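**Student:** Numbering (our numbering), first residue to last: 3 to 286.
Dumping the structure here so I can ask a few things about it.
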Ligand SMILES: [Zn+2]
């Protein structure tokens, strides 16, 4: 036997907590929540329930059987979705320029930069850029809320923190269309259900692949998770380096910008914020 240093003990403890979380998530009996159908059903207006609270019958969201829940019964629990969760508005989508117009615009920018779009090395660049935009800005084609629809409804008493940290993301600032990239950390206390961990990463990706500010993106992630999962609390933290700061303007490299959103339990209780930040910071 040997004495472990404190830092290892902490690491081990966190690793165990994560193992336990994984095991808990794997053992969940789950089913589709039929949110697709229920969202299409007429919604009960928010004014119909006092304080916007869920009906008393489903207050704690725990169910003891796997019987399907009629859509009508769960429909009132579905919150109005934030507008940001939706893909690009139809008006903008239909007004999009053609591929040829996009490539012509790239040629214009190449000339504006001072180069010759007709030289050999640049001849295919407009086509490549237009194609790359499809991926870099693919978030406009996705509805973030759809990703969370498969909610693991039953949590079998698991109501402690669910934390997914170090989710890498690449985005572009909306001011300069220059990349910023970093890590996202998301934590929540489940009440009505939890989602597959990779789904949270895809929500981050959906918002990252749009023109963004870091502050807006942090709030959008919190908004969509909040409206679908109705957690008791949610914490979102983004840390990123902005190349528009590193390459132009003040030209400071290695500066990271941190943005946070604390909702519910995390907003009301400073200890919860400390717990979140400790779990995020103490890395193996
Ligand atoms: Zn910028």
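Just so you know, even glycine gets a beta-carbon here, dropped at the ideal spot from N, CA and C.
Remember, predicted model here, so these are calculated numbers, not experimental data.
(1) Suppose contacts are defined by Cβ-Cβ distances below 8 angstroms. Is residue 161 in contact with residue 192 by that definition?
(2) Let me know the secondary structure DSSP gives residue 168 once reduced to three states.
(3) Quick check on the DSSP output: the beta strand (DSSP E) that includes residue 183 runs from which residue to which?
(4) Near residue 276, which residues of its chain fall below 8 angstroms by C-beta distance, leaving aside the five closest residues on each side in sequence?
(5) To the nearest angstrom, how far is it from the Cα of residue 146 to the Cα of residue 109?
(6) Would residue 181 pass as a contact of residue 190 if the rule is Cβ separation under 8 angstroms?
(7) Roughly how many whole angstroms lie between the Cα atoms of residue 107 and residue 130?
(8) Tell me whether residue 236 sits in a helix, a strand or coil according to DSSP, three-state version.
(9) Would you check whether ligand 1 has a heavy atom nearer than 7 angstroms to the C-beta of residue 180?
(10) Flag this pair as yes or no: are the beta carbons of residue 238 and residue 87 separated by less than 8 angstroms?
(11) Which runs of the beta strand (DSSP E) at least 3 residues long sit entirely within the region 242 to 286? Give them in chain order.
(12) Whole-angstrom Cβ separation of residue 136 and residue 208, contact assumed at under 8 angstroms?
(13) Between which two residues does the alpha helix (DSSP H) containing residue 135 stretch?
(14) I'd like to know whether the C-beta atoms of residue 176 and residue 214 end up nearer to each other than 8 angstroms.
(15) Compare the beta carbon distance of residue 235 and residue 198 with 8 angstroms and say whether it is the shorter of the two.
(16) Which word fits residue 179, buried or exposed, when buried means at least 16 other C-beta atoms lie within 10 angstroms of its C-beta?
(17) Can you give the Cα-Cα distance for residue 2 and residue 167, rounded to whole angstroms?
(18) Exposed or buried, residue 96, counting other C-beta atoms within 10 Å across all chains shown (16 or more means buried)?
(19) Can the beta-carbon of residue 230 be found closer than 8 angstroms to that of residue 279?
(20) Looking at ligand 2, does it come within less than 7 angstroms of residue 244, judged from the CB to the closest heavy atom?
(21) Could you check the C-alpha separation between residue 148 and residue 262 for me, to the nearest Å?
(22) In this structure, does DSSP put residue 213 in helix, strand or coil?
(23) At what residues does the alpha helix (DSSP H) containing residue 104 begin and finish?
(24) Report buried or exposed for residue 29, applying the criterion of at least 16 other Cβ atoms within 10 angstroms of its Cβ.
(25) Since residue 206 sits in a beta bridge, which residues does DSSP pair it with?
(26) Less than 8 angstroms between the CB atoms is what I'm expecting for residue 174 and residue 138, so what's the real figure, rounded?
**Tutor:** On the basis of the supplied data:
(1) Walking along the chain shown from the start, residue 161 turns up at place 159. Walking along the chain shown from the start, residue 192 turns up at place 190. Result yes, Cβ atoms of residue 161 and residue 192 sit closer than 8 angstroms.
(2) On the chain shown, residue 168 is found 166 positions in, with the first residue counted as 1. Three-state result, residue 168: strand.
(3) Here residue 183 refers to the residue found at position 181 when the chain shown is read from its first residue. Here the beta strand (DSSP E) through residue 183 covers 181 to 191.
(4) What you label residue 276 is simply residue 274 of the chain shown in a count that begins at 1. Same-chain partners within the cutoff: there are none.
(5) Along the chain shown, one-based indexing puts residue 146 at 144. Along the chain shown, one-based indexing puts residue 109 at 107. The alpha-carbon atoms of residue 146 and residue 109 are separated by roughly 33 angstroms.
(6) For the purposes of this step, residue 181 is identified with residue 179 of the chain shown, where counting begins at 1. For the purposes of this step, residue 190 is identified with residue 188 of the chain shown, where counting begins at 1. Their beta carbons are not under 8 angstroms apart, which means residue 181 does not touch residue 190 by this criterion.
(7) By 1-based counting over the chain shown, the position of residue 107 is 105. By 1-based counting over the chain shown, the position of residue 130 is 128. When rounded, the distance between both Cα atoms is 13 angstroms.
(8) Position 234 of the chain shown holds residue 236. Residue 236 falls in the strand class under three-state DSSP.
(9) Locating residue 180 in the chain shown gives position 178, counting from the first residue. Residue 180: yes, Cβ under 7 angstroms from ligand 1.
(10) The count along the chain shown starts at 1 and reaches residue 238 at position 236. The count along the chain shown starts at 1 and reaches residue 87 at position 85. Cβ distance not < 8 angstroms, so residue 238 and residue 87 don't count as in contact.
(11) 259 to 266
(12) In the chain shown, residue 136 corresponds to position 134, counting from 1. In the chain shown, residue 208 corresponds to position 206, counting from 1. So it is not a contact: roughly 14 angstroms between Cβ atoms.
(13) On the chain shown, position 133 is the one that residue 135 refers to. Looking at the DSSP string, the run of the alpha helix (DSSP H) that includes residue 135 is 127 to 138.
(14) Indexing the chain shown from 1 puts residue 176 at position 174. Indexing the chain shown from 1 puts residue 214 at position 212. Yes, these two residues count as a Cβ contact at 8 angstroms.
(15) Here the question's residue 235 lines up with position 233 in the chain shown. Here the question's residue 198 lines up with position 196 in the chain shown. No, the pair does not count as a contact, with Cβ atoms beyond the cut-off.
(16) For the purposes of this step, residue 179 is taken as the residue at position 177 of the chain shown. Classification of residue 179: exposed, given that the 10 Å Cβ count is below 16.
(17) There is no way to answer for residue 2, as the model of the chain reaches only from 3 to 286.
(18) Residue 96 sits at position 94 when you count from the first residue of the chain shown. Exposed, because fewer than 16 other Cβ atoms sit within 10 Å of the Cβ of residue 96.
(19) Position 228 of the chain shown, counted from the start, is the residue given in the question as residue 230. Position 277 of the chain shown, counted from the start, is the residue given in the question as residue 279. Not in contact: residue 230 and residue 279 (Cβ atoms no closer than 8 angstroms).
(20) As far as ligands go, the structure on display features ligand 1 and does not contain ligand 2.
(21) Along the chain shown, one-based indexing puts residue 148 at 146. Along the chain shown, one-based indexing puts residue 262 at 260. Answer to the nearest angstrom: the Cα atoms are 24 angstroms apart.
(22) Position 211 of the chain shown, counted from the first residue, corresponds to residue 213. Of the three classes helix, strand and coil, the one that applies to residue 213 here is strand, per DSSP.
(23) Taking the chain shown and counting its residues from 1, one reaches residue 104 at position 102. Element bounds for residue 104: 101 to 115.
(24) Here the question's residue 29 lines up with position 27 in the chain shown. Per-residue confidence for residue 29 stands at a pLDDT of 40, beneath the threshold of 50, marking its modelled position as unreliable; no derived number is given.
(25) Translated into positions along the chain shown, residue 206 becomes position 204. Answer by DSSP bridge pairing: none, since residue 206 is not bridged.
(26) Within the chain shown, residue 174 is the residue found at index 172, counting from 1. Within the chain shown, residue 138 is the residue found at index 136, counting from 1. The Cβ separation is near 7 angstroms, so the contact holds.
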